[in-house]
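The listed protein sequences correspond, in order, to chains W and V. With my numbering applied, the first sequence covers 1 to 449. With my numbering applied, the second sequence covers 450 to 1081. Encoded as structure tokens, the structure appears first; notes follow it.
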Amino acid sequence: MKTRAMGRLAENFSWPLIVATLGLMFCGLVNLFSVSSGPAGEIGSPFFKQLSFATVGLVGLSAFFLFDYRNLKSLAWPLFFLCLILLVAVKFFGITAGGATRWLPLGLFRFQPSELTKICLVLLLSHLFSRHQYPHGLDFKDLLLPLPLIAAPFFLILKQPDLGTALHLVLTVGPIFFIVKPRLRVVITALSLIAALAGWIFLFGGREFLLKHEFIKPYHLDRVRYYLAPEDRPNDQGWQIIQAKSAIGGGQILGLGFLEGTQQKFGFLPAPETDFAFAALAEEWGFVGAAIILILFFSLIWSSLNIVKRGGDSFGSYMAMGLISLIFWQMAINIAMVVGLFPVVGIPLPFISYGGSSLFISLLSIAIISNIGLNRHFFQDEPVKQNPQVWAKGVTAPLEPVVVTTRRLAPPNPNEPEPYPDHRLPRRQPWLKYLRKPGRPYFPPPNNY
Amino acid sequence: MTLAPTFGDTPPDFGRQIVWLKVFFFLILSVLLLRLWYLQVISGEEYRQKSEKNHTSLSEIPTQRGLILDRQGQVLVENQINYDLYVTPNEVTQPQELSSQIARLIGRDPGELNKKFASLAKKQKHNAHLWLSGLTRADLVSLRTRHYELEGVTIQINSVRRPTKENFAPHIIGFLGEISPKQLGEEPYLGLKQGALVGQSGVEQSLESQLHGQKGQRLTTVDSHGRILEELKVDYPQPGHNIRLTLDSRLQRVAQSLLAEKAGAIVVMDPRNFEILALASSPTFNLHDFVGGISAERWKSLTEDPFRPMENRAVGGQYPPGSTFKIAVALTALNEGVITPETAFHCGGAVFLGASRFGCWARGGHGTVNLKRSLKESCDVYYYEVGRRLGVDRLANGVRRYFGLGRTLGVDLKAERAGLVPDQVWKQRRFGKPWNFGETLPVSIGQGYLLTTPLQVAQFTAVAANGGTLYRPHLVKEIVDYEGRLVRRVEPEAINHMDLRPDYFQSVRKSLDAVVNEAGGTGRRGQIPGVRVSGKTGTSQVISLDRYQIYSRGGTLPWKYREHAWFTAYAPSENPEVVVTVLLEHAGGGGANSAPLAAKLLHAYFNASVDTNLMPPYQVQPDKPTGWRGEL
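Have a look at this one:
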């Protein structure tokens, strides 16, 4: 019975997603091994720490498959308010480092509530949007509740100050709004508001206003300035950009080779295990290695978007959308920053950068997305047509999916005999479709029951 | 047949939205991939070099410039260790405070430091520039102890050139200066960077390629803090070659002393191989001003001085040679066959050509004059006739060919100038007018358009002395490397030989002997005891005769209009081994003013016991020549 449940899991399991995740984690560990080992060859502790984080994370990931993600719905509001409380608590009890108060002390390690807030906000918005249908698209009145819900954590994070995370929060929830389909007038209003904001900041007195009220800090402006002209300050503000570019470019096509990266080995590359891990990787593995990372990310995103598209319920789709957008923007901003297309912000590269909380959050996202993908067949319009192997025998009567679900997953219980034993599912051998030879007709396996 | 969704939820219909999102995400990933392609493949080589440069440090190992020695091997210029302060303008945030702090530490004027910094800040900001040179050991200690506070400042140990003798032969030795933008791309300076010190005058300049040596390089691996991890490769520096000059320090000292309080030049040369034994030019300047960089005002005072102390008059000063030129004219005429030693003309005190009168210096005339008498008494009319017979073109070609006039022969100084030997083509080119026959006559007595340098006068004197061979005059005797191995020995190089009958030569030399040693000779003051000296005086006018008339009535002639005094001599008469040419600017008659100096020099040459330390100090720039009365 157990094998049957597992088999069905495998049928709907998004293998590309999990393969890409594991591949990225492997590449991240290989890179971290090189980065944390010194020039003399000694292996640094970050590698072993990350290895244990990865193990724990993977175990957690597998454990998460046992839950039904829909249970998260009931947690949406409480978790969101918890995040807001934590964000306020950071203001009072937080650890200050580098001029910013972002962390809460949690015994042995410190915890960044803004990271959790991103997931919780995605969860809450998915929950909110899935409760209604928008046949004509999102209108202004539909935004009355979601917008303040975004604005509250946004400003709390902005005042920490953490401009990067605040912007990442907004970017993350953007695609959710997009797939819910805003109306044209909403889109036009939003775009003109963004244009007006940009105009105010860049052309009129917006910068001074933001500086005065500490929404942005002078060093933010410096970062943009030296992002545009790093050669002006090659030894301080421009250092990171110049050295990262030299590291990446120096890798050329095939790279300098494993453990041979000079920029990170001799300490020229800043933060080679965290923010600039991609630069270290690109130096040692060259364009080929960097392109493989990008391709892995691409397949991760592609398969997640497929889950969004074919996911059964709207909550799951919105949730998957928000989570993959979370990972995507992290990746895009980090790599763009490392290759010098974006000012320096402290956002790590998911799966590659060193850091337990970053890894856990990313793995949690992947786990939720996979879970959504796993369960999507509950909601299919024509399950027989769409899953011929699953429904090979054919169903002639409308079926209560809940009942089917129960039947599928529940072990045989003599006290509760099956109401329709004829409709029992065939033994499933989903891998057979991969083994069959092309061109030859496929006959489903005979029903053993 | 549809399945009812669970939990009252409908499967959403996303339509095109997901496709658009896929396109959008794909585009962003493509941009990142293209950027990686650009960084790693298109400009990968450039960044590879950048990162190579990052962790490898190529430091220069300075080399030692070669020494300059005199004929006897005494060191004339040596290298001295100097501590210099360098600043990188880009790294300094508060230049005012920095300069005032440094000024306080080492006791200098902060304003001057600030001014120098402002001028440096205009240059390349990322490079270290020399800010202050010649720090003492005490300065070094106080700067070193405060080094952590002084951002952008480094102390470098450089070696500087220091002449060993005060005011000695500055025109020949020369000084170093920063390489000029024009020199950067030129031959001996290839591979040098901006700010490099190279010779800018004298032997330092002309023998730069031999002197400068080869810099060493050290390639090391460094980390981001600049700590050296490993030494990859070392090229050891190659010191420059040492130059041994033909210069005789003692004679040079005598020559310079003789020119004290005078403006002029002395050339002492060996007629047998044209080695230059002394080459003095006065007024002169002090090479010690250039050690570690000359100050702006000193440089200004040197370049704007009306007496031009920087000019090497001995090889670069162009003067009409006056009567000394008669040696060359006589030899050329004998060679061309227009006269023999016995040919005699009548000197009536002047010749007339149309309405023009060409006078002899002796107003009453010399009567019948042959070659010997013409040289001894320096009869002008005789040479007018010789010039008439020769014609200007034959004369010009002869002196150019056999005595090297009108061109540079390549003595080892860039200051050498060609002088001017006029002929018909030159006149046509220069003035667009044909040659006037009346212009030939002044040229044949060393006036007119004719210009020579004192070195060229010494050349034709030496040709007369050695029997007709023109060698290349040279200052370098040999070049040896830093371990003493001979690199090059400069052999005398014959440029031309005048194939004249020996008895004709003898007659010219007898005549020159008579100039000094016989009654009625113009150069009687050139005599010295014990050695027979031959010579020729010259008094060259610098303005036309009618201008003289104006001033001769008034009595005093302004200094700048007075005649140049020439005396050129060789000794001993029988077997010449030294040629001396003395030029005094605007000093009057050559026999009266220059001949005594030549005599003193020859005396010192033949008597090693002459104590040069008792001689007057050299003429240095701020002093004024004799006869200077405040007018020019």
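Idealized CB from N, CA, C, for every residue including glycine.
Check the Cβ of residue i against every Cβ in chain W and list those closer than 9 Å, keeping chain order.
{"i": "Y496 of chain V", "result": "K245, S246, A247, I248, G249, G250, G251, Q252"}
Alpha carbon to alpha carbon, how far is residue i from residue j?
{"i": "I517 of chain V", "j": "D697 of chain V", "result": "13 Å"}
{"i": "S1043 of chain V", "j": "L1033 of chain V", "result": "7 Å"}
{"i": "M718 of chain V", "j": "R557 of chain V", "result": "48 Å"}
{"i": "T406 of chain W", "j": "W486 of chain V", "result": "With a pLDDT of 37 at T406 of chain W, under the threshold of 50, the modelled position of that residue is not reliable, and the figure given next carries that caveat. Approximately 53 Å between the Cα atoms of the pair."}
{"i": "D232 of chain W", "j": "A280 of chain W", "result": "24 Å"}
{"i": "C27 of chain W", "j": "A282 of chain W", "result": "11 Å"}
{"i": "F360 of chain W", "j": "N563 of chain V", "result": "58 Å"}
{"i": "L17 of chain W", "j": "N31 of chain W", "result": "21 Å"}
{"i": "A587 of chain V", "j": "Q705 of chain V", "result": "38 Å"}
{"i": "L483 of chain V", "j": "F287 of chain W", "result": "10 Å"}
{"i": "G868 of chain V", "j": "G847 of chain V", "result": "15 Å"}
{"i": "L858 of chain V", "j": "A864 of chain V", "result": "12 Å"}
{"i": "H213 of chain W", "j": "V345 of chain W", "result": "21 Å"}
{"i": "F81 of chain W", "j": "M337 of chain W", "result": "32 Å"}
{"i": "A100 of chain W", "j": "L169 of chain W", "result": "18 Å"}
Could you check whether the Cβ of residue i sits closer than 9 Å to any Cβ belonging to chain W?
{"i": "N576 of chain V", "result": "no"}
{"i": "H663 of chain V", "result": "For the sequence presented, residue 663 of chain V should be read as Gln rather than His. Taking Cβ atoms only, chain W never reaches closer than 9 Å to Q663 of chain V, which makes this a no."}
{"i": "T670 of chain V", "result": "yes"}
{"i": "R484 of chain V", "result": "yes"}
{"i": "L678 of chain V", "result": "yes"}
{"i": "L681 of chain V", "result": "no"}
{"i": "Q605 of chain V", "result": "no"}
Any C-beta of chain V sitting closer than 9 Å to the C-beta of residue i?
{"i": "K490 of chain W", "result": "This structure cannot settle anything about residue 490 of chain W, because the visible part of chain W is limited to 1 through 449."}
{"i": "S370 of chain W", "result": "no"}
{"i": "R407 of chain W", "result": "At R407 of chain W, the pLDDT of 39 sits below 50, so the modelled position is not reliable and the matter cannot be decided from this model."}
{"i": "L305 of chain W", "result": "yes"}
{"i": "G238 of chain W", "result": "no"}
{"i": "G439 of chain W", "result": "no"}
Does the distance from the CB of residue i to the CB of residue j come in under 9 Å?
{"i": "Q767 of chain V", "j": "F852 of chain V", "result": "no"}
{"i": "T781 of chain V", "j": "R843 of chain V", "result": "yes"}
{"i": "G969 of chain V", "j": "T773 of chain V", "result": "no"}
{"i": "N404 of chain V", "j": "G583 of chain V", "result": "Look at the range of chain V in this structure, 450 to 1081, and you will see that residue 404 of chain V is not part of it."}
{"i": "W291 of chain W", "j": "L269 of chain W", "result": "The sequence shown places Ala at residue 291 of chain W, not Trp. No, the pair does not count as a contact, with Cβ atoms beyond the cut-off."}
{"i": "L124 of chain W", "j": "L149 of chain W", "result": "yes"}
{"i": "V35 of chain W", "j": "Y354 of chain W", "result": "yes"}
{"i": "H946 of chain V", "j": "G987 of chain V", "result": "no"}
{"i": "L84 of chain W", "j": "L138 of chain W", "result": "no"}
{"i": "I176 of chain W", "j": "M331 of chain W", "result": "no"}
Check the Cβ of residue i against every Cβ in chain V and list those closer than 9 Å, keeping chain order.
{"i": "W302 of chain W", "result": "K471, F474, F475"}
{"i": "F177 of chain W", "result": "Within 9 Å Cβ-Cβ: nothing; F177 of chain W doesn't reach chain V, min ~10 Å."}
{"i": "F276 of chain W", "result": "By Cβ distance, chain V contributes nothing, its closest Cβ being about 13 Å from F276 of chain W, past 9 Å."}
So with CB distances below 7 Å, who are the chain V contacts of residue i?
{"i": "Q330 of chain W", "result": "Near Q330 of chain W there are no residues of chain V at all, since even the closest Cβ is about 12 Å away, more than 7 Å."}
{"i": "G164 of chain W", "result": "Those within 7 Å of G164 of chain W in chain V number zero; the least Cβ separation is about 17 Å."}
{"i": "P46 of chain W", "result": "Chain V residues near P46 of chain W: none, gap ~19 Å exceeds 7 Å."}
{"i": "K309 of chain W", "result": "F463, I467"}
Run down chain V in chain order and give the residues with a C-beta less than 8 Å from the C-beta of residue i.
{"i": "Q263 of chain W", "result": "S500, N503, H504"}
{"i": "F63 of chain W", "result": "Note on identity: in this sequence residue 63 of chain W is Ala, with Phe being the wrong assignment. By Cβ distance, chain V contributes nothing, its closest Cβ being about 23 Å from A63 of chain W, past 8 Å."}
{"i": "P335 of chain W", "result": "Note that residue 335 of chain W is Ile in the sequence shown here, rather than Pro. Neighbours of I335 of chain W on chain V, chain order: L481."}
{"i": "F67 of chain W", "result": "Simply none; closest approach about 15 Å."}
Who are the neighbours of residue i on chain W, taking C-beta pairs under 8 Å?
{"i": "Q489 of chain V", "result": "I248, G249, G251, Q252, I253, A282, G286, F287, A290"}
I want to verify the contact list: residues of chain W whose CB lies under 7 Å from the CB of residue i, in sequence order.
{"i": "S492 of chain V", "result": "G249"}
{"i": "Q466 of chain V", "result": "F178, I179, K181"}
At least 3 beta-carbon pairs within less than 8 Å: the region 537-557 of chain V vs the region 729-748 of chain V: No: the two stretches stay apart, fewer than three of their Cβ pairs being nearer than 8 Å.
At least 3 beta-carbon pairs within less than 8 Å: the region 647-654 of chain V vs the region 467-485 of chain V: no
The region 85-101 of chain W / the region 155-162 of chain W touching (three or more Cβ pairs under 8 Å): Output reads yes: the region 155-162 of chain W touches the region 85-101 of chain W.
The region 792-800 of chain V touching the region 677-685 of chain V, judged by at least three CB pairs closer than 8 Å: By the C-beta criterion, the region 792-800 of chain V is judged not to be in contact with the region 677-685 of chain V, since fewer than 3 inter-stretch pairs fall below 8 Å.
Contact between the region 619-638 of chain V and the region 736-754 of chain V (3+ Cβ pairs under 8 Å): yes
Contact between the region 630-640 of chain V and the region 591-608 of chain V (3+ Cβ pairs under 8 Å): no
Three CB pairs or more closer than 8 Å across the region 812-823 of chain V and the region 867-881 of chain V: At 8 Å Cβ cutoff, the stretches do not touch.
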